[in-house]
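As structure tokens, the structure follows; a few thoughts come after it.
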Amino acid sequence: MAETTMTHTSQMEPRPAGWRGIAADWASDQRAFKNVSWGKAMMWIFLLSDTFIFGCFLLSYMTARISTRVPWPNPSEVFALRIGGSEIPLILIAIMTFVLISSSGTMAMAVNFGYRRDRRKTAILMLLTAALGATFVGMQAFEWTKLITEGVRPWGNPWGAAQFGSCFFMITGFHGTHVTIGVIFLIIVARKVWRGDFDTGRPGYFTSRRGRYENVEIMGLYWHFVDLVWVFIFAFFYLW
Amino acid sequence: MVDVTPADAVPPAEVGEVELYHPHSWWTKYVFSQDAKVIAVQYSATATAIGLVALVLSWLMRLQLGFPGTFDFITPEAYYQFITMHGMIMVIYLLTALFLGGFGNYLIPLMVGARDMVFPYVNMLSYWVYLLAVLVLVSSFFAPGGPTGAGWTLYPPQAIMTGTPGGQDWGIILMLSSLILFIIGFTMGGLNYVVTVLQGRTRGMTLMRLPLTVWGIFTATVMALLAFPALFVACVMMLLDRVLGTSFFMPAIVEMGTQLQHNGGSPILFQHLFWFFGHPEVYIVALPAFGIVSDLISTHARKNIFGYRMMVWAIIAIGALSFVVWAHHMYVSGMHPYFGFFFATTTLIIAVPTAIKVYNWVLTLWRGDIHLTIPMLFALAFIVTFVNGGLTGLFLGNVVVDVPLSDTMFVVAHFHMVMGVAPILVIFGAIYHWYPKVTGRMLDETLGKFHFWVTFLGAYLIFFPMHYLGLMGIPRRYAELTDMTIMTESAHHLNSFISIMAFIVGFAQMVFLFNLIWSIRHGREAGGNPWRATTLEWQTPETPPAHGNFGKELPIVYRWAYDYSVPGAKEDFIPQNVPGDFAPSREPA
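See the structure below:
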């Protein structure tokens, strides 16, 4: 896939200034984004579309929350854990958020080592990222279990508005699905890196396209996006 | 006269060729094909097949409306199911799939000078997920309780309650699942179309040299990628309401004397989500039609499109504006009246870029060398029909006019004219235009003329009277109108007349289908460029284009797509890949 990035952009002619120049740049020969490969462009556009999905989910949740006529359960009490005899609010979520943000760090390092052609470190860091992601999903499963044993259901809960449970399970479930899919693909790409597919130019099993180390970065784009979405879910659901 | 400027110089190739996937067997060549052209035909055939189901459903509806009480098997429940499935199939599974999956797949790579879509494997998956969505949809006809009868808008709470057909059976579940699948499948294809246009063009093909067909399909695809998420979310939430008993859209409600478990949901929230998708959807169908019809008019009038840049900006402006008008579908929903003020304003503003487009089409025709070929006939019919449907849109965009007309036959007439008949006319024109490229043979002209006149005049005879019915106050979505006092005898006659016309127009479509199949073998040989057109798809070395589209070397583009009747040129068209040294150009600088 190395061929899908433009390397020599010196051919670009001078452009008019201002808005006309911007339009002329975008509309210029062969490709709108000169140094962006097909795969990366596709991932960015997919993420834009996915942003709208999460946006609609969160807006629907906000609509439900501000229009409810019964009390909304208090997140700091609902999401508290009893540790050492005292209720600590949001402790599990704090740890989960920490884990997920850390995984973004390991992912960024993997991208870096990928471009340095350091197969071993790239693969290890990707697997570490996947492990952190899996830990996140595991803790989410724990959180779900705890809430379910306390009587929270999609259709109701002991403390107030029924939409609390429905929004919670729907949004965290949808996000958790994204993380799970990310973990699976991290493992797949890590395996390719480990095996040296991107050095030997081994064609993909389904696509018969050759991959390259940029695939690690594209994978990273998705992973950072999933983290970023979590920050919004965290802010709007747990901190509100 | 317009200045004649030499075409721009073209920079040398900056990107090498990308390896294509080469099929190994009959299966990977014709069935699980990764070639966009094969995928396009698969999309089109599937969309047409399911569209025929929707056509038959419309006949059944017309049987009931035109001759009430005559057909015992059309119960009110069945009528609602027909109406729902007809609308949903036509809007999503036929029009969206055919314009974007069908024409998009076939024309984008050929018109931008690419070997294929950027990710052919994902493109192939897109079709198979679409097929799965269609199969799930079809399966609801055979499910217990039949398909959903909630109306194509699927408004809750009624969509998932007992009184609505399929509401407490499988119908609504299968409908929502099918939509979710459709959106997943579309996203895979849509990403391909967008990236191919943005990043996969051949040398010399700037965005401002793209044929307007590509501009229309491209903008519509971008819109679809941003609008379908709202429908996706709405479907997921309603599915949870129906299956798990959540209350996203369901308020506290009493059903047949029993209090349901739901509590505190907002039906209006669904309407907002649905129309945030639903209004852009109108333009997702209309913009490809605008683009295609521009190319048909220019080619068959042998004249460059008038105001190419304005046409492009109008497409973009319409696409952007269509995201801020959605609540004009909700004037009677009980939302705050100030919203109505805002949305009426934005709605009327859309008329400006739309009018620019119509004027430019007419000015392209002005003093053109008009060939009344069948694609041209359909293109002309489109302009007339679109103006007609668009004007009634101005009526309905105003709150005070919309409120009394809401949910009458006037609305039915309006949207059938503007987003039913008009885009379908373009689809027919486009099929007559590009069929020679797909098959290498022309469609039969006599059958084509018959098809055109019956369809065009028939569509008017069907939908024009509906405006009168609507102004009389005849409501839509009523299975039984006989006992209403406003339903005068003349209105009944009008209804019967509409029904008979619907059958005649439907019959003409069978003639068209016959033409499509018959001409594959027996049509006149077309040659590579029967319409003497400029765009790249007509310049392929083989017809139909072979795998990889352009032989060994990709074409280099030296000019815009509209060099027709350039003064001083030998022929009345100059293909996009003819260098500027050999012929002058009228491309705007």
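Chains as they are written, first to last, in numbering that gives the first Met the number 0: chain Z, 0 to 239; chain R, 0 to 588.
The C-beta atom is built at its ideal place from N, Cα and C for all residues, glycine as well.
The structure displayed is predicted, hence computed values, not measured ones.
Within the 8 Å Cβ cut-off, does Z/P157 reach chain R?
Indexing the first sequence from 1 puts residue 157 of chain Z at position 158. With 8 Å as the cut-off, Z/P157 does not count as an interface residue toward chain R.
Please confirm if R/D2 has its CB atom under 8 Å from at least one CB of chain Z.
Taking the first residue of the second sequence as 1, we reach residue 2 of chain R at position 3. The pLDDT assigned to R/D2 is 42, lower than 50, so where the model puts this residue is not dependable, and the model offers no usable value.
By alpha-carbon positions, which one of Z/L146, Z/E142 and Z/T105 ends up nearest to Z/G132?
Taking the first residue of the first sequence as 1, we reach residue 132 of chain Z at position 133. The shortest Cα separation from Z/G132 among Z/L146, Z/E142 and Z/T105 belongs to Z/T105.
Do R/M408 and R/R308 count as a contact pair if the criterion is CB distance below 8 Å?
On the second sequence, position 309 is the one that residue 308 of chain R refers to. On the second sequence, position 409 is the one that residue 408 of chain R refers to. No, the Cβ-Cβ distance between R/R308 and R/M408 is not below 8 Å.
For the putative contact between R/F185 and R/A223, defined by C-beta atoms under 8 Å, what is the C-beta separation to the nearest angstrom?
Translated into positions along the second sequence, residue 185 of chain R becomes position 186. Translated into positions along the second sequence, residue 223 of chain R becomes position 224. The Cβ separation is near 6 Å, so the contact holds.
Indicate whether at least one CB of chain Z lies closer than 8 Å to the CB of R/Y20.
In the second sequence, counting from the first residue as 1, residue 20 of chain R sits at position 21. Yes, R/Y20 counts as interfacial toward chain Z.
Spatial neighbours of R/S321 in its chain, beta-carbon cut-off 8 Å, leaving aside the 5 residues before and after:
Here the question's residue 321 of chain R lines up with position 322 in the second sequence. For R/S321, where only same-chain residues beyond five positions count, the Cβ hits under 8 Å are M222, H278, P279, V281, Y282 and I349.
Against chain R, with Cβ distances strictly below 8 Å, would Z/L227 count as a contact?
Taking the first residue of the first sequence as 1, we reach residue 227 of chain Z at position 228. Not closer than 8 Å to any Cβ of chain R, the Cβ of Z/L227 fails to qualify, so no.
Coil, strand or helix - R/Y330 by DSSP:
Taking the second sequence and counting its residues from 1, one reaches residue 330 of chain R at position 331. Three-state DSSP puts R/Y330 in coil, outside helix and strand.
Measuring only between beta-carbons, confirm whether R/P574 sits less than 8 Å from chain Z.
To locate residue 574 of chain R, count along the second sequence from 1; it is residue 575. No, R/P574 does not count as interfacial toward chain Z.
Name the chain Z residues whose beta carbon is nearer than 7 Å to that of R/Y120?
Reading the second sequence from its first residue, position 121 is the one you call residue 120 of chain R. The contacting residues are F205 and T206.
6 Å Cβ shell around R/L480 - same chain, five flanking residues per side excluded
By one-based count along the second sequence, residue 480 of chain R stands at place 481. Around R/L480: M486.
In chain order, which continuous runs of the alpha helix (DSSP H) of length 4 or greater are located wholly inside the segment 415–448 of chain R?
421–438
Would you identify the three-state DSSP class for R/L600, choosing helix, strand or coil?
Nothing can be reported for residue 600 of chain R, as the shown portion of chain R is limited to 0 through 588.
Assign Z/P202 to one of three DSSP states: helix, strand, or coil.
For the purposes of this step, residue 202 of chain Z is taken as residue 203 along the first sequence, with counting starting at 1. Three-state result, Z/P202: strand.
Would you call R/I423 buried or exposed, if buried means 16 or more other Cβ atoms sit within 10 Å of its Cβ?
On the second sequence, position 424 is the one that residue 423 of chain R refers to. So R/I423 ends up on the buried side.
Spatial distance of R/L470 from R/F394 (CA atoms):
Translated into the one-based positions of the second sequence, residue 470 of chain R becomes position 471. Translated into the one-based positions of the second sequence, residue 394 of chain R becomes position 395. R/L470 and R/F394: Cα-Cα distance of roughly 12 Å.
Rounded to whole angstroms, how far is the Cβ of R/G526 from the Cβ of R/D443, which I believe are closer than 8 Å?
The residue you call residue 526 of chain R lines up with position 527 of the second sequence. The residue you call residue 443 of chain R lines up with position 444 of the second sequence. About 17 Å separates the two Cβ atoms, so there is no contact after all.
Extent of the continuous alpha helix (DSSP H) to which R/E524 belongs:
Your numbering for residue 524 of chain R matches position 525 in the second sequence. Counting along the chain, R/E524 falls outside any alpha helix (DSSP H), and DSSP gives it neither H nor E.
Just to confirm the assignment, what range does the alpha helix (DSSP H) spanning Z/S59 have?
Reading the first sequence from its first residue, position 60 is the one you call residue 59 of chain Z. Here the alpha helix (DSSP H) through Z/S59 covers W37 to S66.
Where does the unbroken alpha helix (DSSP H) through Z/S165 begin, and where does it stop?
As a first step, residue 165 of chain Z is located in the first sequence; it is residue number 166 there, counting from the start. Segment Q162 to R194, the alpha helix (DSSP H) holding Z/S165.
For chain R, is any of its Cβ atoms less than 8 Å away from the one on Z/F233?
Position 234 of the first sequence, counted from the start, is the residue given in the question as residue 233 of chain Z. Z/F233 does not count as touching chain R.
Give me the chain A residues within the contact set of Z/T67, using Cβ-Cβ distance strictly less than 9 Å, ordered along the chain.
The question asks about chain A, but that chain is absent: this structure's protein chains are Z and R.
When the Cα atoms are used, what is the spatial distance from R/L379 to R/I296?
Position 380 of the second sequence holds residue 379 of chain R. Position 297 of the second sequence holds residue 296 of chain R. One C-alpha to the other measures close to 8 Å.
Using a Cβ-Cβ cut-off of less than 7 Å, give me the residues of the segment 166–197 of chain R that come near chain Z, in sequence order.
T186, L190, V193, V194 and L197
Given a threshold of 16 other Cβ atoms within 10 Å of its Cβ, counted over all protein chains shown, does Z/E149 qualify as buried or as exposed?
Here residue 149 of chain Z refers to the residue found at position 150 of the first sequence. Exposed, by the Cβ-count rule.
Is the separation between the beta-carbon of R/N514 and that of R/H450 shorter than 8 Å?
Position 515 of the second sequence, counting from 1, holds the residue named residue 514 of chain R. Position 451 of the second sequence, counting from 1, holds the residue named residue 450 of chain R. In this structure, R/H450 lies closer than 8 Å to R/N514 by Cβ.
Thinking R/G100 and R/Y129 are a contact (beta carbons under 8 Å), I'd like their distance in whole angstroms, please.
As a working note, residue 100 of chain R is residue 101 in the second sequence. As a working note, residue 129 of chain R is residue 130 in the second sequence. The pair is a contact, with the Cβ atoms about 6 Å apart (cut-off 8 Å).
Let me check one thing: in DSSP terms, what residues is R/V253 bridge-paired to?
Here the question's residue 253 of chain R lines up with position 254 in the second sequence. R/V253 is bridged to R/Q258.
What residue range does the beta strand (DSSP E) around Z/I82 cover?
Here residue 82 of chain Z refers to the residue found at position 83 of the first sequence. Here the beta strand (DSSP E) through Z/I82 covers L80 to I82.
Which residues in chain Z sit within 8 Å of R/G244, going by Cβ to Cβ distance?
Within the second sequence, the letter at position 245 stands for residue 244 of chain R. Going along chain Z in sequence order, the residues near R/G244 (Cβ under 8 Å) are P153 and W154.
Check each candidate in R/Q270, R/M89, R/L97 and R/W26 and name the one with the smallest Cα separation from Z/T62.
Reading the first sequence from its first residue, position 63 is the one you call residue 62 of chain Z. The residue with the shortest Cα to Cα distance from Z/T62 is R/Q270.
What is the DSSP secondary structure of R/Y42, reduced to helix, strand or coil?
By 1-based counting over the second sequence, the position of residue 42 of chain R is 43. In this structure, R/Y42 counts as helix in the three-state DSSP scheme.
Local Cβ density within 10 Å of Z/S48, reported as buried at 16 or more and exposed below that:
Residue 48 of chain Z sits at position 49 when you count from the first residue of the first sequence. Burial call: buried.
Name the chain R residues that come within less than 7 Å of Z/T62, Cβ to Cβ?
Against the first sequence, residue 62 of chain Z aligns to sequence position 63. Result: S265 and L268.
Report the option in R/N576, R/P228, R/G505 and R/K36 whose CA atom is closest to the CA atom of R/T533.
Counting from 1 along the second sequence, the entry for residue 533 of chain R is found at position 534. Considering only alpha carbons, the answer is R/N576.
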